[in-house]
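Below is one structure; the comments refer to it alone.
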Amino acid sequence: MVADEVLKLAERTATSTKSINSTADAVRADTDAALGAMRLVVEDVLAGSASLEQTELRLAEIVAVARQSAGLAVQEREALGQQTEASNQIAGTMERISCGLDASQQAVAKIRDAGAELCDTALELEHLTAHLRVAGK
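The sequence shown runs 1 to 137 under UniProt numbering.
Following this line, the structure appears as structure tokens:
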């Protein structure tokens, strides 16, 4: 009877050992799966981190270009202001030239009128003095 009990104990021990081994294998498999999943997560995090760094670099480039564009816009605004000022000066000069031309045209008209009047006066004087020449001959 002792031998039967030892045999039964040995069988139960073997069954328990198999069960423990099976459980240990399942734990190992679950652990390996968890480690594999963790590795994938780490790879995804690293890839995301690299992508984030690339995005940060691109955003820095965009900011730099935006600042450069803003600087160019300021320069353009200043240049347009200078061009407007120059255009206003040219317009003022043209206005003065136009006024000068008007004054010159009026002066030429007066000179022409004075010349015509002088011509008329000379003809009248010649007419008045024509008989004096005849009488003086």
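Quick reminder that beta carbons are idealized off the backbone N, C-alpha and C, glycines included. Note that the structure is a prediction, hence the values are computed from the model and not measured.
Would DSSP call residue 147 helix, strand or coil?
This structure cannot speak to residue 147, because the chain is shown only from 1 to 137.
Hey, how far is the Cα of residue 59 from the Cα of residue 46?
Residue 59 sits at position 59 when you count from the first residue of the sequence shown. Residue 46 sits at position 46 when you count from the first residue of the sequence shown. For residue 59 and residue 46, the gap between their C-alpha atoms comes out near 20 Å.
Leaving out the 5 sequence neighbours to the left and right, which residues in its chain are closer than 8 Å to residue 119 when beta-carbon positions are compared?
By one-based count along the sequence shown, residue 119 stands at place 119. Closer than 8 Å at Cβ, skipping near neighbours: no residue.
Which residues in the same chain have their Cβ closer than 8 Å to the Cβ of residue 84, if we skip the five residues on either side of it in sequence?
Taking the sequence shown and counting its residues from 1, one reaches residue 84 at position 84. Short of 8 Å from the beta carbon of residue 84, and not among the five residues preceding or following it, lies no beta carbon of its own chain.
Pairwise C-alpha distance: residue 72 and residue 63
Taking the sequence shown and counting its residues from 1, one reaches residue 63 at position 63. Taking the sequence shown and counting its residues from 1, one reaches residue 72 at position 72. Each residue's Cα considered, the two are about 14 Å apart.
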